[in-house]
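To start, the structure itself, in C-alpha cells.
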Amino acid sequence: MDLLPGDHHADADAGLATLADLLAGPLLPAARGLLGCLLHAGGVTVRITEVEAYAGTAGDPASHAHRGRTPRNAVMFGPAGHTYVYFTYGMHWCMNVVTGVEGEAAAVLLRAGAVVDGLATARARRPAVRRDVDLARGPARLCATLGIDRAAYGGYLLGDGPVRLRPAASPVPPQAVVAGPRVGVTGAHDLPWRFWLDGDPTVSAYRRHVPRARR
1 MDLLPGDHHA DADAGLATLA DLLAGPLLPA ARGLLGCLLH AGGVTVRITE
51 VEAYAGTAGD PASHAHRGRT PRNAVMFGPA GHTYVYFTYG MHWCMNVVTG
101 VEGEAAAVLL RAGAVVDGLA TARARRPAVR RDVDLARGPA RLCATLGIDR
151 AAYGGYLLGD GPVRLRPAAS PVPPQAVVAG PRVGVTGAHD LPWRFWLDGD
201 PTVSAYRRHV PRARR
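Sequence positions in the sequence shown follow my numbering and run 1 to 215.
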C-alpha cells in the first residue's frame, strides 16, 4: 500500500479524527476544509484545490439528491466520509465526498487538484495533456488522473482503502480561500458554494450555466 504524508506520524490518528468530525458537520465548513487535503488513488496523490458543495433535498435543485433518495444517490445520505461517484456525459467520472449527518444528503464535488506525487503515472494516464497544472484541473480530469471510476463508489476515504483522503499537510489560511457560484449548474446558480485556493493555477475556469433557448 502506498503511504501518504502523515500516515505514520504520531498525530496521524488525531488528524484523521479531526477530518472525520469536519466531514460529519455542516456542509459549507466541510467543503472549505477539504481544500488542501490530500487525495490518493491509483498511485497518484493530489492536493485538493477546488470544490463545490451540494445540499440534499432542502433548497438545492442542483443536487442529485434534490428529489429524494434513489439507488444512484443513496450514498449521499451518509454516513460522512464515503465517496459518491457518478458517470456524466456518457464518458466521464466525477467524485464527491459525502458530508453531514447520516440520513440528510450532502456532498462536496472535488473539482480540481494539484498532483504532488505519482506525476509520471498521472502523465501516462493523460498523455495528451501538455501542462502538469492541467492534469487534474476539472472534476472529470481529476478522476481520470487518479484512475477513479465506478469501482470507487461508496468507499470509505479515511481508512486504508484504494482511495484515501488525508488532512492537509499544513492548515490553509482563511484568506487563501475564495468563494463564488458553482460551475454550470441549472438551479440555484448564484449560491456561492464553490470554494477554491486563490491564485492556484490548477483551479478550473468559471462557466455559468446558459439556459437553452426554447424552440
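Ideal Cβ placement from N, Cα and C applies to all residues, glycine included.
State the DSSP-derived secondary structure class of residue i, mapped to helix, strand or coil.
i, result
"Gly6", "Residue placement at Gly6 is flagged as unreliable, the pLDDT there being 49, under the threshold of 50; the coordinate-derived value follows with that caveat. Coil, per DSSP."
"Arg150", "helix"
"Asp200", "coil"
"Ala213", "Residue confidence is low: Ala213 scores 45 on pLDDT, short of 50, so the model does not pin down where it sits. Its coordinate-derived value is still stated next. It is coil, neither helix nor strand."
"Val133", "helix"
"Met1", "For Met1, the predicted model reports a pLDDT of 36, less than 50, meaning its position is unreliable and no value from the coordinates is stated."
"Val115", "strand"
"Thr121", "helix"
"Ala107", "strand"
"Val75", "helix"
Please name the residue, chosen from the options, that lies closest to residue i on a Cα-to-Cα basis.
i, options, result
"Ser204", "Leu191, Arg182 and His189", "Arg182"
"Tyr153", "Gly113, Arg72 and Thr88", "Arg72"
"Leu156", "Leu39, Thr121 and Pro174", "For clarity, residue 156 is Tyr in the given sequence; the question names Leu instead. Comparing Cα positions, the closest option is Leu39."
"Ala105", "Ala24, Leu197 and Ala14", "Ala24"
"Glu50", "Gly147, Arg141 and His189", "Arg141"
"Thr99", "Phe77, Ala112 and Leu110", "Phe77"
"Val133", "Ala151, His92 and Ala112", "Ala112"
"His189", "Gly59, Gly43 and Ala20", "Gly59"
Using the Cα positions of residue i and residue j, report the straight-line distance between them to the nearest angstrom.
i, j, result
"Leu165", "Ser63", "23 Å"
"Arg67", "Ala136", "30 Å"
"Gly56", "Pro79", "14 Å"
"Thr88", "Asp149", "11 Å"
"Val163", "Pro127", "22 Å"
"Gly147", "Ala41", "7 Å"
"Arg125", "Gly43", "11 Å"
"Pro29", "Trp93", "25 Å"
"Ala74", "Gly33", "24 Å"
"Arg130", "Gly103", "43 Å"
Would you grab the beta carbon distance between residue i and residue j for me? Rounded to a whole angstrom, and I think it's under 8 Å.
i, j, result
"Thr145", "Val115", "7 Å"
"Pro61", "Gly187", "3 Å"
"Thr70", "Gly118", "Not really, about 34 Å apart at Cβ, beyond 8 Å."
Got a sec: does the ligand COA put a non-hydrogen atom nearer than 7 Å to the Cβ of residue i?
i, result
"Gly155", "You won't find the ligand COA in this model; it holds no ligand whatsoever."
Beta-carbon of residue i versus every beta-carbon of chain B: anything under 8 Å?
i, result
"Gly100", "The chain inventory of the structure shown lacks chain B, comprising one protein chain alone."
### beta strand (DSSP E) runs contained entirely in the stretch 153–192, provided each spans 3 or more residues
If we require 3 residues or more, the beta strand (DSSP E) runs fully inside the stretch 153–192 come out as 164–166 and 177–180.
### Message
Extract the residue ranges of the beta strand (DSSP E) inside the stretch 27–67, only unbroken runs of 3 or more that lie entirely within it.
### Response
As far as the stretch 27–67 is concerned, its whole beta strand (DSSP E) runs of at least 3 residues are 38–41 and 44–55.
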